[in-house]
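Take a look at the structure set out below.
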Amino acid sequence: MRNLLTSLVVLLSFTVLFSCQKEVSQEYGTPAKGSLQGNGGDCLPKLVGGSYISNKALTDSNFIDVTIDVTASGPYTITTDTVNGYSFKASGTFANTGSNTVRMKGSGTPVNPGVNNFSVVFDSSYCEVNITVLPAGSTGGPAVFTLVGSPSGCSAFNLTGSYAKDGTLDASHSVTLNVNVTSPGTYTISTTTINGYTFSGSGTLSVPGPAQIKLQGSGKPAVVGTDNFTVTAGGSSCTFPVTVTAATTPPVNNDYFPIAANNWWSYDYTGGAPDTLTLKITGPRQIGGQTYQRFEWASAAAGPFLESFYRKDASNGFYYEGIDTAGFGAQGVLFTNTAALDINFLRNTLTTGQTWNTEYPVMLSVQGIPPGANTLRFTYTCNNANATLTTLTGRTLTNVYEISFVVQANVAGQFVDISEPFKTYYAKGIGQVKYRDEADPSDIYEEIIRYWQVN
């Protein structure tokens, strides 16, 4: 039975995710604790240094400075994923709690020009950092230029986006400034953080004369009012105002498994060495004629280690996981005329005791089950449609779905379990908030959510 479990369920993310972590985790001793995020969940100030040019190896001038609110001193390792051929990492020891700035050194060689989105991970927190890679052959030295309007207000600046209290800034929030270029080259500019948010950008200025630079906003305004940002370039500086309005009531997210671009979650687990798991949505993928969103799992110890694919049927509120069946035959499980599985693992409206399943015809050749034609059944049961759960940050969630999952096969005319049962918990407007594996009573394994950002 175990052979079938490891060959089949290994691709079901809600099962394999946590067993994999026991393998990739490292012994850290007593690592430092803290967060890259402020109390409101927005990322603390960060700064990108250096010029990034396609096919040019990174040097010590390429770095990311991140601010961390340290809650427990000790050794630390802070990493990013590897994107476009390069990555960032820092390690050391936090001697003191409170606000600490860490410089993450870059390594590798950017391959393609464009904007790269990095995930910075520390403890159980997660933040995005955007870096622009310039085309090969771009001037590597810094540009010399002045800001139009210096030393007063930035002349004819263009501010985009609506700025509201407690509203997280995204790609629609930016400011474009006018400059006069004396010597072409690259630039990296970041304003100071005011009222919980900031503007930064990098790029190249290729010819002398009038030009424009664009700074991207990030963070979350904390209070209503007018904030005056100062931009400095060489010996020139200018200011531009941003008006923050009262927050509007956002639409209520009623999804128990929100699937939208840039959603992310972070988790802590017990039953193993200290580790961090993060989950983020990276974009669409076609499997078996259906469009899914790709979910990427990563850990502080191993980086990205698993991808999963999910979709929602808006017509009925059912959620599905897509799995390519290629390769199962070598493990003794041959899906009959099925190139991809589309497994209904969750429904948006459930009642306590409700059970549902997805079945697929197979040819089996595994130990413990009569060989030949069979049916695999993926069975789900809502044990409690009104559970309560407390997150690691102390927030109490209600109306949580507690769902158990098991794989079954037909033996002598009856469906029997061929895998251990697993439990997952889902909260409305958040997604998966907990996982529990009770297969080994002496080593109960749990995963509980810490942070999330859901659109």
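12 is the number that numbering that gives the first Met the number 0 gives to position 13 of the sequence shown; each next residue is one higher, with no gaps.
Here a beta-carbon is modelled for each residue, glycine too, at the ideal position from N, C-alpha and C.
No experiment lies behind these values; they were computed from the predicted model shown.
Can you say whether residue i is buried or exposed, counting buried as having 16 or more other CB atoms within 10 angstroms of its CB?
i           : result
residue 305 : buried
residue 431 : buried
residue 22  : Annotation note: pLDDT 32 at residue 22 (below 50); position unreliable, no value reported.
residue 39  : In this predicted model, residue 39 has a pLDDT of only 45, less than 50, meaning its place in the structure is not dependable; the value taken from the coordinates is given anyway. The residue is exposed, with fewer than 16 neighbouring Cβ atoms inside 10 Å.
residue 241 : buried
residue 440 : exposed
residue 372 : exposed
residue 436 : buried
residue 220 : buried
residue 34  : buried
residue 150 : exposed
residue 155 : exposed
residue 210 : buried
Measuring CA to CA, which of the options is closest to residue i?
i           : options               : result
residue 239 : 205, 281, 159 and 95  : 159
residue 409 : 101, 195, 362 and 98  : 362
residue 133 : 178, 147, 78 and 200  : 200
residue 233 : 144, 292 and 204      : 144
residue 445 : 424, 451 and 60       : 424
residue 135 : 52, 169 and 148       : 52
residue 214 : 237, 235 and 187      : 187
residue 405 : 418, 411 and 303      : 418
residue 411 : 244, 369, 30 and 292  : 369
residue 346 : 374, 329, 366 and 401 : 401
Can you name, in chain order, every residue of its own chain whose Cβ lies under 8 Å from the Cβ of residue i, other than the five neighbours on each side?
i           : result
residue 289 : 310, 319, 321, 339 and 341
residue 294 : 12, 278, 279, 280, 281, 306, 307, 308 and 309
residue 449 : 123, 124, 265, 266, 267, 390, 391 and 392
residue 107 : 56, 57, 81, 84, 85 and 86
residue 59  : 104
Taking 6 Å as the limit between beta carbons, can you name the residues of its chain near residue i, skipping five residues before and five after?
i           : result
residue 395 : 389
residue 28  : The pLDDT assigned to residue 28 is 47, lower than 50, so where the model puts this residue is not dependable; a value taken from the coordinates is nonetheless given after this. Nothing meets the Cβ criterion.
residue 61  : 49 and 105
residue 259 : 454
residue 397 : 387
residue 189 : 46 and 199
residue 426 : 396, 399 and 432
residue 153 : 176, 237 and 239
Can you list, in chain order, the residues of its chain whose CB lies under 7 Å from that of residue i, leaving out five sequence neighbours each side?
i           : result
residue 324 : 334, 337, 338, 339 and 340
residue 94  : 72
residue 415 : 407 and 408
residue 30  : 73, 74, 75 and 273
For residue i and chain D, any beta-carbon pair shorter than 8 Å?
i           : result
residue 349 : Among the chains of the structure shown, chain D does not appear; only one protein chain is present.
Task: Three CB pairs or more closer than 8 Å across the segment 77–97 and the segment 304–323 - done: Short answer: they don't touch.
Task: At least three beta-carbon pairs within less than 8 Å, the segment 343–357 to the segment 377–389 - done: Yes, the segment 343–357 is in contact with the segment 377–389.
TODO: Quick one: which unbroken beta strand (DSSP E) runs of 3-plus residues sit fully inside the segment 249–284? Chain order, please.
DONE: Those beta strand (DSSP E) runs which fall completely within the segment 249–284 and span 3+ residues are 263–269.
Task: Whole beta strand (DSSP E) elements within the segment 126–173, 3-residue minimum - done: Within the segment 126–173, the complete beta strand (DSSP E) runs of at least 3 residues are 143–146 and 157–159.
Task: Three-pair Cβ contact test at 8 Å for the segment 223–230 versus the segment 177–186 - done: By the C-beta criterion, the segment 223–230 is judged not to be in contact with the segment 177–186, since fewer than 3 inter-stretch pairs fall below 8 Å.
Task: the segment 72–85 / the segment 111–123 touching (three or more Cβ pairs under 8 Å) - done: Contact between the segment 72–85 and the segment 111–123 is present, because at least three Cβ pairs lie under 8 Å.
Task: Segments assigned beta strand (DSSP E), at least 3 residues, entirely inside the segment 165–242 - done: Listed in chain order, they are 173–182, 184–189, 196–204, 208–218 and 224–232.
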